[in-house]
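Trainee:
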Amino acid sequence: MNLLEVDGLGVVLDGRDLLEGVSLTLAPGERLAVVGPSGSGKSMLAAAIAGLLPPRAVQVHGTIRFAGQTLAAPSEWRALRGRRIGMVFQNPRRSLNPLLSIRDQVADVLARHQPLRPKEVAARVAGLLEDVRFPAVLSNALPHELSGGLCQRAAIAAALAGNPALLIADEATTDLDTPTQAGILDLIDGAAQARGMAVLLITHDIAVAAGRSDRVTALESGRIVETGATRALLNAPRTALMQGLVAAARPPVPPGLPALGSEVLRAEGLSRRFRLARGGWRGKHVAAVEGADLELRAGEAVGLIGPSGSGKSTLARMICRLEQPDGGRLLVMGEDALAVPLRGFAHHPLRGDVQLALQDAQGALPPRWTARRAIEDPLRLLRPALGDAGREQRLREAARLAGLPETLLDRPAYTLSGGERARVGLARALAPEPAVLVLDEPTSALDATLRSELLDRLDALRRQQALALLFISHDLSAVARLCDRAMVMEAGRVVEAGPVVRLLAHPKADCTRALVAAMPVLAS
């Protein structure tokens, strides 16, 4: 008997079919991966199965049966969510309660669905957090005090707390470094095997689907275009969609390295410490970054890799002057950037020389701002001498460089797909014509095709525009494809640095070896 049966599922919004005629089954303990390009309906399918679609905004037809029960009323889904059906979302910060500690959030799920005594709840919470490698010292922290990777680990612990029969993982490991990603996927696989738990894995990473699923279903424009056993489907894809996704997951190495120009950025001994303000560790300091050195030349791409919480994003924020270092030196275009007060740096010309493209393109853009306004905003602030005509010309050039069609410029951000929002974020960062572009996990939320397109675009930018790139990523294959050199961070320190080819082929540090060993690979 199948645990989940979806028959002829359709979702209509404003007369537009978001899903059409989707049918699939899932047996107890089976792992089904749903793949497809951005905007194909993968997350919409996951939301429909979990009963999370807004009833007044969309029309739903077809049937969803779970353990033989046809689900229709919201009360029927509420009785199953968290207990029989667990769900892990792509953006953990939006699924976690910002006012509750991590420990309390996992405990809340346990107390709601299982009759346990307080001591039993505390023990189970500690065990769940340990299973997902969440540091016990941070269990009293609030979500905003944690890195994205740590938030995702907490969300997965909460999803597993109710011992669900079905776990829906919607890009659950997108924001995690490779060892943590492998560990979380191992945990999900182990839980599925031990409990007979079925897994619906929504992913844009074909290599993850290859190693973590029994069957694969491909979606395009809301329809299933191909489905079958994982190995057979990936070895001999029949549709153009799957052929493209598989090809994009095996990217060619770009020919040659560009000639490098003069030094555009130098960081020496940058450090940042944070004071813990909660729990038994109140008053103690944690070194987020300790003595980091970095040099970037025009046209160079340097990868910054490391486990979640290793200090990569904090270092990037200091380089962009969004975070004040506790010590060290930072030179941008030969000028001492730390000599400018942090509050005054937003309007300083050096701000335009170092730009940041954020990991969460959706969270970084006000939802009702048009793409035009988002790209124009830094030009008004940092390049006021351009005038209206010059600003419009620069805006269109930035959109062209980012691969953003002009037809999307006047659309609000909330109407754009994830890939389109990522292009708006890139165009916004390129608009002031920076010398250095800092990219914080730019490919993590993109499917294989969009990821390949973005890497090609970034490589062209640095070659043609002599743009220096600091590429922060847990995707080692992307770092290998784009970057000349790489630095590895662990616990706030740079533990290894060197040419990418050498570093990935012959890693010296334990951290680097763990990252390389955990890298998901799609076999040829």
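Its first residue numbered 1, the sequence shown is counted upward by one per residue in the UniProt record's numbering.
Every residue, glycine too, gets a C-beta built ideally from N, C-alpha and C.
1) Quick one: what's Glu271 bridged to in DSSP?
2) Determine the direct distance from the alpha carbon of Asp459 to that of Ser473, and round the result to whole angstroms.
3) Which residues share a DSSP beta bridge with Phe471?
4) Please confirm whether Phe66 and Leu80 have their CB atoms less than 8 Å apart.
5) When you compare the CB positions of Pro164 and Gly51, do they come within less than 8 Å of one another, or not?
6) To the nearest angstrom, how far is it from the Cα of Gly261 to the Cα of Leu515?
7) Roughly how many angstroms lie between the CA atoms of Leu166 and Leu187, to the nearest whole one?
8) Which partner residues does Thr178 have in the DSSP bridge list?
9) Where Phe345 and Ala422 are concerned, what is the direct C-alpha to C-alpha distance, given to the nearest angstrom?
10) Spatial neighbours of Leu426 within its chain, please: CB distance less than 7 Å, with the 5 preceding and 5 following residues excluded, ordered by chain position.
11) Looking only at C-alpha atoms, which of Ala232, Leu461, Ser221 and Glu220 sits nearest to Ser213?
12) Hey, out of Ser75, Leu13 and Ser417, whose CA is closest to His61's CA?
13) Taking C-alpha atoms, which residue in Glu441, Thr449 and Asp447 lies nearest to Phe471?
14) Assign Leu234 to one of three DSSP states: helix, strand, or coil.
15) Which ranges would you report for the beta strand (DSSP E) in the region 58–123 if only whole runs of at least 3 residues count?
16) Can you check whether the CB of Leu338 is closer than 8 Å to the CB of Arg329?
17) Can you give the Cα-Cα distance for Pro405 and Gln465, rounded to whole angstroms?
18) Taking just the CA atoms, how far does Ala48 sit from Gly196?
19) Between Ala399 and Leu386, which are expected to be in contact by the criterion C-beta below 8 Å, what is the C-beta distance as a whole number of angstroms?
20) In the structure shown, what three-state DSSP assignment does Pro349 receive?
21) With 16 as the cutoff for other CB atoms within 10 Å, does Arg215 come out buried or exposed?
22) Could you check how far apart the C-beta atoms of Gly244 and Thr449 are, in whole angstroms? I think they sit under 8 Å.
23) Which same chain residues end up closer than 7 Å to Ala159 when comparing Cβ atoms and leaving out the 5 residues on each side of it in sequence?
24) For the candidate residues Glu420, Gln152 and Gln193, whose alpha-carbon lies nearest to that of Leu176?
25) Would you report the Cα separation of Val35 and Ala218, rounded to the nearest angstrom?
26) May I ask you to verify whether the region 5–25 touches the region 204–211, counting CB pairs closer than 8 Å and requiring at least 3?
27) If you drop the 5 nearest sequence neighbours on each side, which residues of the same chain put their C-beta closer than 8 Å to that of Leu99?
28) Can you tell me which of Leu476, Leu241 and Ile184 puts its alpha carbon nearest to the alpha carbon of Asp131?
29) So, is Val208 buried or exposed, given that buried needs 16 or more other C-beta atoms within 10 angstroms?
30) With distances taken from CA atoms, which of Thr173, Ser95, Val246 and Leu200 is nearest Leu37?
31) If Asp326 and Arg266 are in contact, beta carbons under 8 Å, what's the gap, nearest whole angstrom?
32) Based on Cα-Cα distance, which residue from Glu300, Val11, Val495 and Gly291 lies nearest to Ser43?
33) Would you identify the three-state DSSP class for Leu322, choosing helix, strand or coil?
34) What's the call for Ala312, buried or exposed, on a 16-neighbour Cβ count within 10 Å?
35) When the Cα atoms are used, what is the spatial distance from Ala111 to Pro179?
36) By the 10 Å Cβ neighbour count, where 16 or more other Cβ atoms means buried, how is Glu490 classified, buried or exposed?
Mentor: For this structure:
1) A small correction: the amino acid at residue 271 is Ser; Glu does not occupy that position in the sequence shown. Ser271 is bridged to Gly327.
2) 15 Å
3) Gly303 and Leu439
4) yes
5) no
6) 31 Å
7) 14 Å
8) DSSP output for Thr178 lists no bridge partner at all.
9) 25 Å
10) Ala357 and Ala402
11) Ala232
12) Leu13
13) Glu441
14) helix
15) 59–66 and 85–88
16) yes
17) 20 Å
18) 23 Å
19) About 15 Å separates the two Cβ atoms, so there is no contact after all.
20) helix
21) buried
22) 6 Å
23) Gly86, Met87, Val88 and Leu167
24) Gln152
25) 5 Å
26) no
27) Leu142
28) Ile184
29) buried
30) It should be pointed out that residue 37 corresponds to Pro in this sequence rather than to Leu. Nearest option by C-alpha distance: Val246.
31) Contact doesn't hold; Cβ gap of about 18 Å is too wide.
32) Val11
33) coil
34) Note on residue identity: the sequence assigns Lys, not Ala, to residue 312. The residue in question, Lys312, is buried, as its Cβ has 16 or more Cβ neighbours within 10 Å.
35) 31 Å
36) buried
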